[in-house]
Structures are given as C-alpha cells and as structure tokens.
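Taking it in order: structure first as structure tokens, then the write-up.
6 protein chains.
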Amino acid sequence: MLNKIVLTGAAGKLGGLLRAPLAALCRELVTTDLAPGLANLLPNETYVAADLSQLDQVMGVMEGADMVVHFGAIGDEAPWDAILQSNIVGAYTVWEAAYRQGVRRVVYASSIHAVGMHPKTDFIDTTARHRPDTYYGLSKCFAEDLASLYWDKRGIESVCMRIYSCEESVNNARALGTWLSHPDLIRLVTAAITTPTTGFSIVWGVSANDRVPVDNARASFLGYRPQDNAEVHAPRVLAQAAAMDPQNPEDMCHGGPFAVVPLGESGVAMIKARSVKA
Amino acid sequence: MLNKIVLTGAAGKLGGLLRAPLAALCRELVTTDLAPGLANLLPNETYVAADLSQLDQVMGVMEGADMVVHFGAIGDEAPWDAILQSNIVGAYTVWEAAYRQGVRRVVYASSIHAVGMHPKTDFIDTTARHRPDTYYGLSKCFAEDLASLYWDKRGIESVCMRIYSCEESVNNARALGTWLSHPDLIRLVTAAITTPTTGFSIVWGVSANDRVPVDNARASFLGYRPQDNAEVHAPRVLAQAAAMDPQNPEDMCHGGPFAVVPLGESGVAMIKARSVKA
Amino acid sequence: MLNKIVLTGAAGKLGGLLRAPLAALCRELVTTDLAPGLANLLPNETYVAADLSQLDQVMGVMEGADMVVHFGAIGDEAPWDAILQSNIVGAYTVWEAAYRQGVRRVVYASSIHAVGMHPKTDFIDTTARHRPDTYYGLSKCFAEDLASLYWDKRGIESVCMRIYSCEESVNNARALGTWLSHPDLIRLVTAAITTPTTGFSIVWGVSANDRVPVDNARASFLGYRPQDNAEVHAPRVLAQAAAMDPQNPEDMCHGGPFAVVPLGESGVAMIKARSVKA
Amino acid sequence: MLNKIVLTGAAGKLGGLLRAPLAALCRELVTTDLAPGLANLLPNETYVAADLSQLDQVMGVMEGADMVVHFGAIGDEAPWDAILQSNIVGAYTVWEAAYRQGVRRVVYASSIHAVGMHPKTDFIDTTARHRPDTYYGLSKCFAEDLASLYWDKRGIESVCMRIYSCEESVNNARALGTWLSHPDLIRLVTAAITTPTTGFSIVWGVSANDRVPVDNARASFLGYRPQDNAEVHAPRVLAQAAAMDPQNPEDMCHGGPFAVVPLGESGVAMIKARSVKA
Amino acid sequence: MLNKIVLTGAAGKLGGLLRAPLAALCRELVTTDLAPGLANLLPNETYVAADLSQLDQVMGVMEGADMVVHFGAIGDEAPWDAILQSNIVGAYTVWEAAYRQGVRRVVYASSIHAVGMHPKTDFIDTTARHRPDTYYGLSKCFAEDLASLYWDKRGIESVCMRIYSCEESVNNARALGTWLSHPDLIRLVTAAITTPTTGFSIVWGVSANDRVPVDNARASFLGYRPQDNAEVHAPRVLAQAAAMDPQNPEDMCHGGPFAVVPLGESGVAMIKARSVKA
Amino acid sequence: MLNKIVLTGAAGKLGGLLRAPLAALCRELVTTDLAPGLANLLPNETYVAADLSQLDQVMGVMEGADMVVHFGAIGDEAPWDAILQSNIVGAYTVWEAAYRQGVRRVVYASSIHAVGMHPKTDFIDTTARHRPDTYYGLSKCFAEDLASLYWDKRGIESVCMRIYSCEESVNNARALGTWLSHPDLIRLVTAAITTPTTGFSIVWGVSANDRVPVDNARASFLGYRPQDNAEVHAPRVLAQAAAMDPQNPEDMCHGGPFAVVPLGESGVAMIKARSVKA
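Chains as they are written, first to last, in UniProt numbering: chain G, 1 to 278; chain S, 1 to 278; chain R, 1 to 278; chain V, 1 to 278; chain P, 1 to 278; chain B, 1 to 278.
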C-alpha cells in the first residue's frame, strides 16, 4: 500500500470516479482541482484547490507523494491559449513538481486524440506515431514526450493511458469500438498504480469491445484486463445510427468527430449532433 | 437496416447458408446463381438466374442494391479456362456492375488459397504477401487486388473474407486449425455487412480454434468474434489421422492439399483421400 | 552463355531496345510480336509473329528456350477487355508455355502501376502490398502472383521488373524520381538474365535518381546497379513544371497520372498534357 | 499414438511431473536421468540411467524412439564447466543421437533466460533476438541454434519451449507475469508432442496470466492454450512484495534475478531472498 | 521560382547562411529576427524585426508568402520558460500565421535532439519514436507534431529537418557521425523548398559521413544528396579525442552531451569542454 | 592510440594479414597462436604461443591489453569435438580472460555461416535470426550470444564481424556477392578498433560488391566503408561457372556449399570442386 497518492482533476467527471478507488490504494489521498472545495470527502482524503499551471501550487500538493494520477486538464478541443495554459504548461508543472518532490510515478490521462488521424481500418498498437487531430490531441502528444524525457533523464516513471470514449454508456456507433466503461477505467488506473515497475509506458484506455481497433499487447505486463464489452449495446445503437461515409474522416479515423472539428473549437457539440443524426 | 442486398452463388453450399441471415439484414434480398430457380424462397427474397461473366446480366441484378455478397464462383481448383471465366471475369463484372449501379460495398468470399504456399509454422496476418497455391487461389488474389483498385479509385468498399475450411464438422487434422463453422461464417458475413465503414479490408474466415495459424487482429474493428472451436473434435480426428511429413507442403503449408495438387486439377479428391488415409 | 532466349514484344518501344543486348547473351535469340515481320534482324536473331493470347502459338516460340524476356503486352491503361486478353491471358500463356517447354526463367516487364496508389512520400520496398492504379496495373499484379505460383508449385524462376518511366529523356517533374534510362533498362534486363539463381524476385526498374522514391535493397543480390541520374535534367524540367497539389493523387502517388486517370482510359494523353501544363 | 517417447531429466522436478502424461501418449515411455533408479514406475515406463554427455549412452536410450522430451540439464545458473558439460555437450548428444536413431522430434526445455536481458516493458515475441542473462541462458541459446541446424540440415523437428517460472504456486511479484503452472506445463508438452508438424518452433512456456509479458501468437498453430492465471494470487503476493526499482535489471528485465546474478553463481538463493524481502 | 519566401531566425548562425541561397529561389525574400536590423541586405531581401511569439507580428511578415523557412528559435538547451515562449509558442504562431496567410509549406529546423536518447548503436530511421533529451528537444517534438496536425487537418505541408551538428568543421569524435556541413545544409534546405510535393515529411540533416548513424531512405523522394564527409577530419579529431565510455549516455546516445546535460541548463559548455578533454 | 592489442590466430591466413595494420594502431601488439613461433616479427610485436582452450594461457596473453582481435579458431567445418574445443571453449576463454584482465573490447571473426541457411534471395540485415549451416556456423552463433552476455552483464564491448568469403581474388560465382577483399578486411578491423564506442555490435564482413546480399546499414555508425567490388571479376568468373540450380541450397542459400556439406565434414573440398565444375 502506498503512503500518498495525488489526484488532479478531482472535480471532473472522470476524476470524480477515481476518488474512492484511489483512496483504497493508499494511506492518504490528496485530491486537487480548481474548484474551492469538494463534497463528500472520503475519510483518508484531503482536498486542496490548486491551479496546475502554477508550479508553486503544484509543489505544495505533491509533497511526500508516491504517485500522482493526473487528470486535471481541459478534456475537449479548445482555443490554443486555453490548451497551452491548462494542458501544456499544466503538464510541465506536474512532472516538474513530481521530480522535485521525489514522486515516483505519474499516471496520466492521455487520449486517443494524440493519434486520432490514423484511419481506424489501420489497427494500431502503442508504437503508432503521434498523429494528433486537435490542439487537445497535440497537448497529449506533448505530455507523452515530456513523460519520455523525465523517464530517460530523471527516472520518473509514467503510464500514459490513451483514453478513448469514457462514458457511462454507449451512445453512438463509433463507441462500439472505442468505449471505455467506468469500471474498466478504474481497472486501468488501478493496474497503472499497482504494477511494480512501469518505466515509460503507453496503454490504450478501452474496454474489451468486440470492435476494438487498437492493440494493447505491448502493455500486457501492466495486467490491465478490461471486462466490459460495448457490443451488448450494438442492436440499440446501430438501429438509430446514421449511415456512415468512408470518405469522411469523422467516420474513418480513430479520432472520430475530432478528426473533422475545426481546430480550437469544441468537438462535444459535434458528437452530440452526430448521436442523434439518424 | 439496408434496403437491398444481392447474394451471388446462392445455390452453392455456402451461399445457401447465407440466405436466411442476409434476408434478416435488409428489406429485399436478391439471390442469384446459374441455376434456373431456387427452392424455398424467403418472404423478402427474389431469385434471378444470371451468369456472372456477363456484365449486362449482373447489371440487372445489382440495380438499387446497397451491398453485394459475392460467393458465386468455382470453389475448388479447376482448369485455367474455367477459373478465368468464372472467377476472374466474374469478379470484374461484379465490381464493375457494383460501381455502375452505385452499390456501396462488396462482401467477398476470398480464400486462404490466396496465400496457401506460406508455411503454417509462419503465423501470418492479413498483410502477408499473396502466395497462391492454385489457379483458384490466383483468382482470389486477382479479386482482392481488383477490390483494392475499386476502393482507391472509385470509393467502393470491400471486405475480402479469406475463408479457410468451411465445413459442417471437422474431418481431418489440418481442419483443427483451419475450420470455419457454419455459424461463424454467418457471424463473419454479418459483421462485414453491419460494420459502418470498412474501406478495403481483409479478414480471415476461421473459427476460434485453439490451433488457428493466422492473426485476425488487423481486422479487429470489424467486430468479427468467432465462437466455435475445432478443438472439441481433436480426440476423434487425431485418433484417425495419418502421420504427417514436415517436408511435405501438403502437411506444412497453409494451403494444405492445394499446396501439392497439380495446377488445374481438383484438390477435392485429394482432401477426401487424405481424410481417410489412416 | 545461354543457348536460346525468347523476347516477346520485340516490335515495341522497349522491346526494340533489348534485341541487340539480348542477342549478345545467347546463341539464338527468337523475337516475337504481333507484327508480321521485323526489320534489321541481327545475325543470331529469328523473328516469329505470334499472338500471345494463343497458347499454341506461344508454345512454338518457346521450344528449347532457356529464358523468356516478356515485354509483349499493352503498355498503357486500356479498356478491360483489351487488358484481359493481352495482359492477363497473355501472361498465363507465357508462363504455361514456359513450363511445358522447360524454360527456366521468365524476365517480366511488370510496372510501378502494380503499386501506384501508394503515396510517394511513403518510401516503399519490393514487399509493399499490391495497390494497382488502373486495369493495366491490376494486370501486372496478376502476372506477379502468377509468377509466384509457378515458382512455388513448378520451380520456374521469375524476375518481375517494376519498370517506372522508361523514356529517352526526362520530361516532367515526376520523372526526376521515376526515370529509367534506356541504358539502365538494358543493365537491368542483363542482370535479370545473368544472375545465377533468382527464384521469384521483384526489382524496381528505376535509374540512380537523386529523388528515387523506392528501395531496391531486397533485390541487391541481382547486382543491378543503375548509372544514370535524372537530376541532371532537374533545372530544365523544374523551370517549366506546373505547380503541384499535394492533395491531388496525380502529384502525390507513385502512379502519377495513372492514379487519377479514369479506369479503362489511356493515361498517355494525360501525361503529355501534364508535361506542357506550365 | 506414438510407439516410444524418451524423457530425459526424469528424476528432476519438472521431469517428474511429465512421466504420467507422457506415458499416456505412447506405447512405451523410456525415462532416463543420472540417478540409478526411479520409484513408482508406470506400467509402460522403463527407466535407464544415463549420462547425457556420453553419446554412446544416449544412443542406447533413443533406439526406436519417435520423439524425445529433453529436460535433462542443469536448471539454474552454475559454473561454466558444469554448464558446458551438462547443457551444451548434453544438448549435442541428444540431437545427434536423435538423428542417428531416426527420432523425429525433440521437445526441448529451453528457458526465458535465453532472452532474459530484454526489458519486460518490451513485449517480446518468439522472434526476439537471443539476449542471455547467464551461462545457463547461454546454453539454452546454443541448444536452440543447434535445433535450428538439425532442422535445416537434417529434418529433425524441434519445439523449444522457453519455460518461465514453473512452480507449484506464485510466490513473488515477478511470477504474476511469468508463472507457468504445472497443469499448463503438461498442456504445453502435450501440444508439442501431438501437433502433427512443427518444424523448428519456439514457444513461450507461460500460463494465461493477466500480466504476461510475452507474445505467443507465432506459436499459435501448436494449439497450446494455457488455462491458469497467476492473478488469483496477486492480492497475497503484492501485499508482501518489496518495493521495486525500475533502474534495477532484476526488477526490469525478463530474466528477473538472473539479470543481476553474477555469472557462474546460482540465482536460486537470490530468488529466495527476494521473495521474503518484504 | 517562388514569389516570396520568409526566413525566420535570419540573424542567427544558420539563418545567416541561408539568406543568399534562399534569395536565389524566389522573387522576394523576407528575413526576420528579433534584431532591429540586418547588415548587407541582398537586392531582393527585406528585413522585418518581429517577435515570433506574437501572432500579429508574424502575420504581417507572412503575408503573401509561398513558403516559410523557420529557423527562429533558441538553438540550445535553456530554461523551460524560455523554451516555452520561444520554441513552443513560437512554433504555434508560425504555423498558425502560415495557415491564415495561405502559406503552402513550412521548412522547419527540427533537431536530432527530438530523438536524442536513442542509443547510437541503434541505426534509426525517420520513424523512430520521439525520445527527446532536453527541453530543447521536447520543443522540437512539439513542433513536429504540430506540423503533422496542420498537414492532416489543414493541408499545410512541412519538411522537418532534424539537424545534427551543423558546424563549419568537425571538432570532436561524435561529429564524425553527426556533422552537417554548411554546403550540405544549403543543399538540404534547397531540396525542401524545391521538391514539388512533400506532405508532412521528416529528414535527417546530416552530411554523407562514413559514420552516419541514421537512415534517410524514407526521405529519398526529397532528393537531398549530401556531398561532404566528416571522415576527412578523422585522423586529426581521433588523435585528440578523449577515451569514451560505452556506459555513458553522452558517448552512447544520439544526443551526445545533450543526453547528460541537466534539464534547463546549457549543453554548449559541455560540448566545448568535451572537445578539448584529451 | 591504444596501448596494447592482442591478436589471436596470428599464424592463420587472415590473422597474418592483420599483424601489420594492428601494429600501427597500438604501442604493443601481442600475437598468439598454437605455432611455436612466428617469422618476421614487427618492431612492436611480441609473439606468445598459447592454446586458446586453456584459460590460464589466455590470461597471460591478455594482461594489460585494451582490446583483443580474436581470429584464433578452426575456420572451416570440422568434427564436433574439434569445434567444441577450439571454437566454443576457445571463445569462452577469450571473453572470460578479457573480463578478468580488464580488456575493453573483443573484435571477433564471426562468420556468415552463423546465418547461412537463409536464402540469398532474402536480403538480410544484422538482426536476421541465427540460422547456422554447420557446426562451424553454430560455434559462431554461440560466440555472438556469449558476446551479448558479456556486454549486458559485464560491459565488455564486442564487434562481431560476420566475414563472408575473404580471399585474395574472386574464384566462383557465389563470391561475386560474398567476396571480402583483403584490403577491405583490414578496413573492417580498423573500424572495429577505432570506433569510440561499439557496445555489442554485429557487422557484415563483405566488400562493396554489386551483388552483395546483406544489409550493413545497422552497423553504419562503425564507419566501415568497403572499397573493393567483386564485379570486376564477373566476366571471367561467370564464363567458367557451372549452371546453378535454384532448388539446391548450395546455390540458393547465403551459406553456399556449407548449406549442403554434411555436418562435421569440411566444406573446403566442396568449394574447390565447385569452382572448377564448369
């Protein structure tokens, strides 16, 4: 059992799911986000409001931690300046503070959008080259390369989890391949925490879907074994899905709607529109 | 649900298995073959006799179709002239008519014999180079390359299913690795039809056999998940199997007896002889 | 020195270049084409008019030959029926007659258009998958697979030379990468003839151009070492070249204009138009 | 059913586990080891004491055998001279006697230590280059290359099983990935015996562990399907595991403690010390 | 001939070398840097002082340009904040302004330090994964991924030149492999400008050194053919070189001294110290 | 300049060629072999008779050496017992003595016969798997794996030079691809000595032949650039060469006659017979 884990982005959708599972893996869980406070703190949980783009604030949060689970960033496409501060500078401060405070490992919420322009008919493994689809995806590429640097030069371990579509349920045809269920997210983060050594690693954050378009074999040693399968939702989802167009990057690329969304503008609206198109 | 699917080779052994499952996936199923008629038509099924080597006949059948499932061809080694007409010219007419009629996708019964000369100790994936074992296999190579051409130049999608040993049961040692059960054939064709976008794809048509010698990972996005396993037949089959010879291509190559059958002559007799050799 | 070599397509542009060099490699050179006769026969050259789509005619020509150099086919995109007879049936008859007459090796004029839809920013080697750009290219794919079959099943060797732009000089920007000079063509065919064993081999037919976009390393044992370089023509050619469009397959794919020419229609006119576009 | 199988190393820990399963696969099982005798012989089992470094002794044991299962060797790091006699000369005599006596196949207990210096964050398949971690591992590399030679030159088949941590239970964190259960060992040897043709093959000897760090896909045709999973022991084992150090080859390499043990000295003591370190 | 080229970093060491060659490739050369002015302007050269981290300033410079040659950035390891502003924000503004102003291509001074932590005994090609050795190298990774994004989403071409050791002469043993002569730099930039289509490309900026440790084959279509060879300096350089240590990343990694320099501190002093160590 | 180099096999054909070049690279050259003495010692050369299978004798020779150039072994196929003592035990003693005496690097005469069973139509690089053709080749595999072990565990560098056909001239058709001229041998050994760091490296020992069937790119950093080309001998050699048979391993495999010579018997006689077969 670890002494202390830090969770960034604890007030976010995914971060919120991780508080209890992480609290069970350590003596002290420190959660942090921009919000002033967090409801329903767990017995061994402490919340500290912090701006991740400010190194001094992050330094304070990290003190004495064994590992940091870094989910604190903008989670959708956004204007460049916002991505720069939140996701690029924010990544730097997290790894730098981790180094200065002797934190051993960063478990990082990377994203499929780091490689979203690859066609989904190309079954890719974790060595596929960076091919971002948005500023958001570009910031994930940056953080992965930063993680590589801190491992090679400073011995800080990182597990970069390229999370696909982490939703409560499956709501569009693309998600039949890309869904990451909430329980599988928890399994993934748990594996990333408990694996004895990880070095610099990349792993796809995706459930055991029949239509999964990526290969997690190279991360096998992490022991992440998803148990949910989007296919149980296939009849409902396909019945209402719009026809797809193989010439359209939205329908052909791993990044889905992010592959066509204009840079700097949100892909969320497009995803929503898409789901009800039929 | 699709409006119209065309099934060629509907009077054949495998084609016959597909009539009911395909009828369930569309409003109108048009079946075709050389035979004058077909017994036991399904409520939404229409049968049209046609010679696939005649473009005008194929044009008529394809009108208004969304997809065509192309099983109409000689299914064994045969003299060159027969293969040329039936399998090479026949493939051209199917893809060309599909293009002219606005058909979106061809689901094609390709074959392991397109790559049958690879040794089975070489675990091959769907990118292994063409290495046909017969004129029959050569015609499958041709059709796959044709499919690639129609996708790159004209945007017609294709799923080339390299079917192995599709039999009701497992009758020889080779089939412990190569068996495709009838239910798994139906699963495969269903996946090839229902996957939203496929581009030009190749997938192995083989069940979930313990001894499967090919890698289907690159076709993962199609969601084909076989459920049968030839291994349940292993005790019976191995008890009566002849000793094998690792220096004999029949016993060492993916193509099995096709790897040694003289070009232009039937491999079927050899397969049958083999099964009872012990 | 070989006893007898057969050259098909001897009346064609490239075939004509090969008569003298081949005559120097054997005691008897038999040249053949559709034309009734050939002017200026060399001392050890015999000409026989023959239709390569007729097996019996080809059988006569091949009798007693050691090797056949097969250049007799349509050399541009053409309607399907023409390609079928000339390039597909014609390839079958050549390899089949070679087998029946005990010919040891087929040296074959394949083409870059067998793989013309690959982007030229992808440096490809001789194992790149077939990706034809035209019916013409498709027929080259067919013949290569046929050559593989005759090697694996019958021990006939083949050298498939994927000839690029074999012209007297360099006349457009694409050719700065793709040019095969006439002297280098002769070097290539000579290497394919004189190499002691070749099995089934593929080699790019391209000069030592600075901008060569393909990798011939896997054919290194053939000893083909081109000596010409299109770059000496770069100043002239680039000065008059039209601006290119990276989104246009014509400008981005290995196949050049063949990557955009409509199937069944000649690409030659387009190439000519292109050269003077500026 | 085979006529005769020979099992070397029958008095050893793993060899002992194989006597009954092998006896069920043949009419006559001949077991051999250095010990003068073996207790509890099975009805169709004959024991012959033999020194595997003496060719004449091995020749006698092999007479009339169909296959030999070769487990007779030092199973831990040892001084060079001991490894040389037992594992290198011993391998030569086994393959040479197999050849002289017409034995068809050698099923060989190779080891993960043939490739133990690869980092375990590198998911390796059976084509990973030799990278031994000890003299012991070096002797396994030697025997694998010897097996390749006897297949290529003399047609003797071999299945080189790279056994990981074959123990009754899971006793340290490394074994969560590397465990080979006793029942899975028996499944593996049975597959290696009963597969009709194997040529020269390599297969990982590891259970179906969640954290398995190697890829057995290329040996798929052998039909080895492990059924045990070390993960059921994870809570107990991780609770008492020492913290690991990603900079330490012991914790980072496939070979585990063998990756740091001094050459020529036993790694067993280090493994034991490690297990109780927490 | 292009209408207008923009050169950033024109007051720098390498930028200065490029002014005349670029001026010869276009009607109008606009040079820019932080300095207030530039001496010895060429007849068709205009200098505009600009801060590349300010989008509006860059927008003005880019107006009407066909291509931009981007050398304007910190060229050594530096503190994070400096790298962030100059190399990361500066890259964003250059590509964004290029997009907004309709510039077709960015020719970018990337660096070997984007992959500097690979061992030099690993011969790497342009697909080797990012493995930066410094914040400087990390910023080059960022810009390459940005270039990939602008190509995939917006059709802006980029040639990322991973420049090695661009010096007037060869002054240390490492440079025997890594030297890029000044004339070869000019050849490289000229090729990157004049190649008709480039898409998103990566090319090593290194001379034709005997000891070159990287593979430029995949960039072959660019036609960059270096003509200088550091080996002529080998006798002098090796005579005064310090002994190297294969366990030291400085001596074993592509990045050389950057592989050991502390993050954020200059590697230049270390390189100089190294050169005279013997 | 190195202080002391040891050369084993100094009385052999190749060893003799290396005495003068090595003497020029160090202050003291110690040569050794089984012979009692060596004629014409160079000024800085000392000869010590030693049996390489005796560790104590090797220890004496190695004292104080910086590097050892290890050519002392049987250089042809021979009976197993002879290969075992001379080439396997002899390799162990050389690396072990090197370790104990603080020698930094072993430059080793490995051989193409470590991979001789690969077909020569497969262009192989230095990562091709071991595929020995003889006991001789097997001993080279062993020494390479030993070299890998001593590098990974003990930091001893090795350059394994896989020497092809090192002869004064080119005497048979195979050698057109495989020749290593004497001057190129010296260039190769010099590069292996003078490269600052090598780790564990493999390099093909072959001249710059037009028909070279192996890829030395991965050893590029060593700076070995051969200057001779067997092709100048092609007219003479091919004129007298026997016809080759592509089904014969002797004519189709990298190992040439070693690919067919019976194990344990000399391949030299076969090579000689072959050269005059025509």
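Every residue, glycine too, gets a C-beta built ideally from N, C-alpha and C.
Where the beta strand (DSSP E) containing residue 109 of chain R begins and where it ends: 105-111
Strictly by DSSP, which residues pair up with residue 201 of chain V?
V:159
**Q.** Test: residue 255 of chain G CB closer than 8 Å to a CB of chain S
**A.** Judged by the 8 Å Cβ criterion, residue 255 of chain G is not in contact with chain S.
Going straight from the alpha carbon of residue 54 of chain B to that of residue 199 of chain B, what length do you get?
26 Å
- Task: Kindly list the residues whose CB is nearer than 6 Å to the CB of residue 159 of chain B, restricted to its own chain and excluding five residues on each side of it in sequence; keep chain order.
- Result: Correct list, in chain order: 107, 192, 198 and 201.
Using a Cβ cut-off of 7 Å, pull out every chain R residue sitting near residue 57 of chain B, in sequence order please.
Taking a Cβ-Cβ threshold of 7 Å, none of the residues of chain R is close to residue 57 of chain B; the smallest such distance is about 43 Å.
Practice problem: Could you tell me if residue 246 of chain V is buried or exposed, where buried requires 16 or more neighbouring beta carbons within 10 angstroms of its beta carbon? | Solution: buried
Q) What residues in the region 185-218 of chain R have a beta carbon less than 9 Å from any beta carbon of chain B? A) 191, 194, 195, 196, 197, 198, 199, 200, 201, 217 and 218
Using a C-beta cutoff of 8 Å, does residue 157 of chain P count as contacting chain R? At least one chain R Cβ lies under 8 Å of residue 157 of chain P.
Inset, instruction - Following the continuous beta strand (DSSP E) through residue 164 of chain V, name the residue where it begins and the one where it ends. - result: In the DSSP assignment, residue 164 of chain V falls outside any beta strand (DSSP E), carrying neither H nor E.
Review point. Taking Cβ positions, are residue 282 of chain S and residue 205 of chain S nearer each other than 8 Å?
Key: Only positions 1 to 278 of chain S appear in this structure, which leaves residue 282 of chain S out of reach.
| query | Using a beta-carbon distance below 8 Å, is residue 127 of chain R in contact with chain S? | reply | yes
Which partner residues of residue 282 of chain V appear in the DSSP bridge assignment? What is shown of chain V runs 1 to 278, which leaves residue 282 of chain V out entirely.
| request: Pull up the distance between the alpha-carbon of residue 127 of chain R and that of residue 128 of chain S, whole angstroms please. | output: 9 Å
Quick one: residues in its chain with C-beta nearer than 8 Å to the C-beta of residue 27 of chain G, no 5 flanking neighbours on either side, listed in chain order? Taken in chain order, the residues that qualify are 1, 2, 3, 4 and 44.
Would you mind reading off the limits of the beta strand (DSSP E) that contains residue 70 of chain G?
67-70
Residue 92 of chain V: contacting residues in chain B (beta-carbon distance under 8 Å): Among the residues of chain B, those whose CB is under 8 Å from the CB of residue 92 of chain V are 80 and 84, following chain order.
message = Determine whether the beta carbon atoms of residue 8 of chain P and residue 46 of chain P lie at a separation below 8 Å.
response = With respect to the 8 Å criterion, residue 8 of chain P and residue 46 of chain P are not classified as neighbours on the basis of their beta carbons.
For chain S, check one thing: does any of its Cβ atoms lie closer than 8 Å to the Cβ of residue 177 of chain G? yes
**chain V contact residues for residue 142 of chain B, given Cβ-Cβ distances below 9 Å** = 88, 138, 141, 142 and 145
Q. Using DSSP with H/G/I as helix, E/B as strand and the rest coil, what is residue 34 of chain P?
A. coil
- Query: Considering only the beta carbon of each residue, do residue 131 of chain S and residue 118 of chain S sit closer than 8 Å?
  - Reply: yes
- Task: Go ahead and label residue 196 of chain V buried or exposed: buried means 16 or more other beta carbons lie within 10 angstroms of its beta carbon, across all protein chains shown.
- Result: buried
>> Assuming contact is defined by CB atoms lying nearer than 8 Å, are residue 177 of chain V and residue 229 of chain V in contact in what I supplied?
In response: It is not a contact, given that the beta carbons lie outside the stated cut-off.
- Item | For residue 211 of chain R and residue 222 of chain P, the rounded distance between their alpha carbons | Note on geometry: alpha-carbon atoms of residue 222 of chain P and residue 211 of chain R lie some 6 Å from one another.
Between which residues of its own chain and residue 251 of chain G is the CB-CB distance below 7 Å, once the five residues before and five after are set aside?
244 and 245
Query raised in the report: Going by Cα to Cα distance, which pick from R:99, R:215, R:10 and R:39 is closest to residue 71 of chain R?
Result: Comparing alpha carbon positions, the residue from R:99, R:215, R:10 and R:39 closest to residue 71 of chain R is R:10.
- Task: Helix, strand or coil for residue 260 of chain R, going by three-state DSSP, please let me know.
- Result: coil
Quiz prompt | Cβ-based burial, residue 203 of chain G [other Cβ within 10 Å; buried from 16] | solution = Label assigned to residue 203 of chain G: buried.
* Pick from P:40, P:136, P:35 and P:166: whose alpha carbon is nearest that of residue 89 of chain P? -> P:136
* To do: Starting from the beta carbon of residue 221 of chain R, find every residue of chain B whose beta carbon is closer than 8 Å, and list them in chain order.
  => 120, 121, 123, 177, 211, 212 and 213
Next on the checklist: Please tell me whether residue 240 of chain S has its Cβ less than 8 Å away from any Cβ of chain V.
Outcome noted: no
### Query
Of the residues P:14, P:20, P:219 and P:98, which one's Cα is nearest the Cα of residue 52 of chain P?
P:98
CB-CB under 8 Å to residue 22 of chain G, same chain, minus the five flanking residues each way: which ones, in chain order?
5, 7, 29, 69, 189 and 193
Can you tell me which residues form a DSSP beta bridge with residue 179 of chain R? R:165
*asked:* Please confirm whether residue 117 of chain R has its beta-carbon closer than 8 Å to some beta-carbon of chain S.
replied: True, the Cβ-Cβ gap to chain S drops below 8 Å.
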